[in-house]
Amino acid sequence: MALVVLVMMILSFSTPVIAKEDGKFGSSNGCSCHSSSSTTTTPTHNFPSSYTPSTTYSIQIGLTGGVSGTKGGFSLEVSQGTFSTGISIGSVQINTAGNQATHTSSNYRSWGLYWESPSSGSGNAVFELAVLSANGNGGTSGDSWGTISPFTSVESVSENTPPEASSLSFNVLNPTKSTGLSINYTFFDADGDLEQDTEIRWKLNNLSTPSVDNLTSIPNNLIVKGDSWEAWVTPNDGIDFGDQVSVGPIEIANSVPTILDIDIIPGNPNDDDDLFLDYEYFDLDDDLEQDTEIYWYLDGERQNEIDNIINISNLMIRYGDTWQVSITPNDGEDFGETVWSDLIQIGSSNTPPEIDIEFINSNFTTTDNLQFFIVYSDADED
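Using our numbering, the letters of the sequence shown correspond one by one to residues 105 to 486.
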């Protein structure tokens, strides 16, 4: 049987390379070890005329014409990308570098394999192929081989339009610890690409802050009154970065204080009880309370003479009065929201008097006059 593969004859060599039935790498230009018959063998293939970078292609190789029979072989080489097996057409082996392929037995005249195209920017890929139709006489005579001219697969380069980021702004004009700090922006891509790997950078007091890279919101524990923040956004569509846009600097303003709870104690006072104001002051910036305004109201009328007093003597209250208090907290910079207590009504401390009736004579008839004593008592000694 004739050997089944063409061995690449590198033009600068003067000594023929001998092919083998189990394939021969580096023979994509044919070989001189098999004498050629007058029959023409034509290679067939489906090499892509252009390729998309980093894409897997299914490659089929075969031949037409040639000597009669079923024996054959091939040698294939590519300048870019990587071959791999797995299609299970024919019997194929790949060299260590992944850029050459050949047969493993002489029993086929068609073969299949995979080609992983190179990464973007690698340029064109050139395929070289030699195929052999063998007559199966056990020798090297009477076989027919054929080659192709170097086949160029052109890298497909798409003209990507870089994306744009616009309308970059902070979430509020005067951010505080209570409002938080974040950015908003509009992503636009003329090609309809989705946003990927956009870069967001922040500066705190003009210093880079890597811990918040790519965050749109600053963690609240990093927001401090008086600090200055800036942000930069560089949009990306997974292919290219667009132009960088920025916003800021912006200063963190004062958070106004709040009143968390307010009560008048006791909750059900009588006219002999003093009134005490109990409330909880809170400030996100940990500012101390200063100049808080406290106003007391009696039957809906503000009592100016007791402004900013937290306790009211029972000398000022009477049975039936209705009292209420308002608080407007202040941290030395700003007033917070005014809050109101519940209305309370003053009860009476008076204990009702009692009477006791005592009859003078307990043995009487219908003709007797009733005589009795009335005994009055009052726990308050009224």
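Where is the CB? At the ideal position from N, CA and C, for every residue including glycine.
Contact between the segment 332-349 and the segment 283-293 (3+ Cβ pairs under 8 Å): yes
Can you grab the Cα-Cα spacing for the pair TYR383 / ASP389, in whole Å? 19 Å
Just the Cα atoms here: how many angstroms apart are TYR408 and TYR399? The amino acid at residue 408 is misidentified as Tyr; the sequence shows Asn. TYR399 has its alpha-carbon roughly 7 Å from the corresponding atom of ASN408.
Below 8 Å on the Cβ atoms is my contact criterion, and I expect ASN374 with SER445 to pass it. Report the Cβ-Cβ distance as a whole number of Å. With 8 Å as the limit, ASN374 and SER445 do not qualify as a contact, their Cβ atoms being about 18 Å apart.
Taking ASP391 as the reference, give the member of SER359, SER223, SER224 with the closest Cα. Measuring from the Cα of ASP391, the nearest candidate turns out to be SER359.
Identify, in the order they occur along the chain, each residue of the same chain with its Cβ nearer than 6 Å to the Cβ of SER226, setting aside the five sequence neighbours on each side. GLN184
Nearest candidate by alpha-carbon position, reference LEU364, set ILE416, VAL276, SER253, GLU441: Looking at the Cα atoms, GLU441 is the closest of the given residues.
Just to confirm my understanding: we take ASP126, look at its own chain, exclude 5 residues before and 5 after, and list those with CB closer than 6 Å. What are they? Only weak support exists for where ASP126 lies, its pLDDT of 49 falling under 50; the coordinates are left without a value.
CA-CA distance, LEU107 and GLY242? Interpretation of LEU107 is limited by its pLDDT of 35, a score under 50 that renders its predicted location unreliable; no figure is taken from the coordinates.
Could you check what DSSP says for VAL328 in three-state terms: helix, strand or coil? In the structure shown, VAL328 sits in coil (DSSP, three-state: anything other than H, G, I, E or B).
Using a Cβ-Cβ cutoff of less than 6 Å, which residues in the same chain neighbour THR313 once the five nearest sequence positions on both sides are dropped? Excluding sequence neighbours, THR313 sits near TRP306.
Rounded to the nearest angstrom, how far is the Cβ of VAL337 from that of ILE304, given a contact under 8 Å? 6 Å
Pick out the complete beta strand (DSSP E) segments inside the segment 141-179, 3 residues or longer, and give them in chain order. 145-149, 160-169
Would you say ILE494 and SER214 are within 8 Å of each other, going by their C-beta atoms? The structure shown does not extend to residue 494, since the chain is modelled only from 105 through 486, so no value can be given for it.
Take the Cβ of PHE151 as the centre, count every other Cβ of all protein chains shown within 10 Å, and call the residue buried at 16 or more, exposed below. Residue burial is scored here from C-beta neighbours: PHE151 has at least 16 other C-beta atoms within 10 angstroms and is therefore classed as buried.
Apart from the five residues just before and just after VAL328, which ones in its own chain have a Cβ nearer than 7 Å to its Cβ? Counting only Cβ-Cβ distances below 7 Å, and skipping sequence neighbours, we find ILE356.
Which residues mark the beginning and the end of the beta strand (DSSP E) in which PHE291 is found? 285-292
Compare the Cα-Cα distances from SER210 to each of ALA238, ILE450, PRO147, ILE198 and report the closest residue. Of the candidates ALA238, ILE450, PRO147, ILE198, the one whose C-alpha sits nearest the C-alpha of SER210 is ALA238.
Anyone know if the C-beta pair for THR160 and TYR212 falls short of 8 Å? no
Select from VAL171, ASN418, PHE178, SER224 the residue whose C-alpha is nearest the C-alpha of SER263. For the record, residue 263 in the displayed sequence is Glu; it is not Ser. Ranking VAL171, ASN418, PHE178, SER224 by Cα distance to GLU263 puts SER224 first.
Thinking C-beta only, is SER321 closer than 8 Å to GLY352? no
Please state the DSSP three-state secondary structure of GLU263. coil
Based on the DSSP secondary-structure assignment, which residues constitute the bridge partners of ARG305? TRP336
Would you call the CB atoms of VAL235 and PHE255 closer than 8 Å? no
Excluding five sequence neighbours on each side, which residues of the same chain lie with their C-beta closer than 6 Å to the C-beta of SER430? Excluding sequence neighbours, SER430 sits near TYR399, THR442, TRP444.
Simplified DSSP assignment, three categories, for SER253: coil
GLN475, buried or exposed, once every other Cβ within 10 Å from all chains shown has been counted against 16: exposed
Since LEU233 and PRO147 should fall inside the 8 Å C-beta cutoff, what is the C-beta to C-beta distance between them, to a whole number of angstroms? 5 Å
Taking Cβ positions, are ASP169 and THR206 nearer each other than 8 Å? Contrary to the premise, residue 169 reads as Gly rather than Asp in this sequence. No, they are not a contact pair.
Beta-carbon within less than 6 Å of GLU393's beta-carbon, same chain only, minus the 5 sequence neighbours each way: which residues are those? TYR385
Out of curiosity, what's the CA-to-CA distance linking TRP249 and ASP295? 48 Å
What are the residues that DSSP puts in a beta bridge with ARG422? BP columns for ARG422 are empty, so no partner.
Nearest by alpha-carbon distance to PHE274: which of SER153, SER260, SER332 is it? The shortest C-alpha separation from PHE274 is found at SER332.
Out of GLN300, LYS281, ALA335, point me to the one whose CA is closest to LEU326's CA. Nearest of GLN300, LYS281, ALA335 to LEU326, Cα basis: LYS281.
Is the beta carbon of PRO361 closer than 8 Å to that of ASP411? no
Quick check on the DSSP output: the beta strand (DSSP E) that includes GLU355 runs from which residue to which? 349-355
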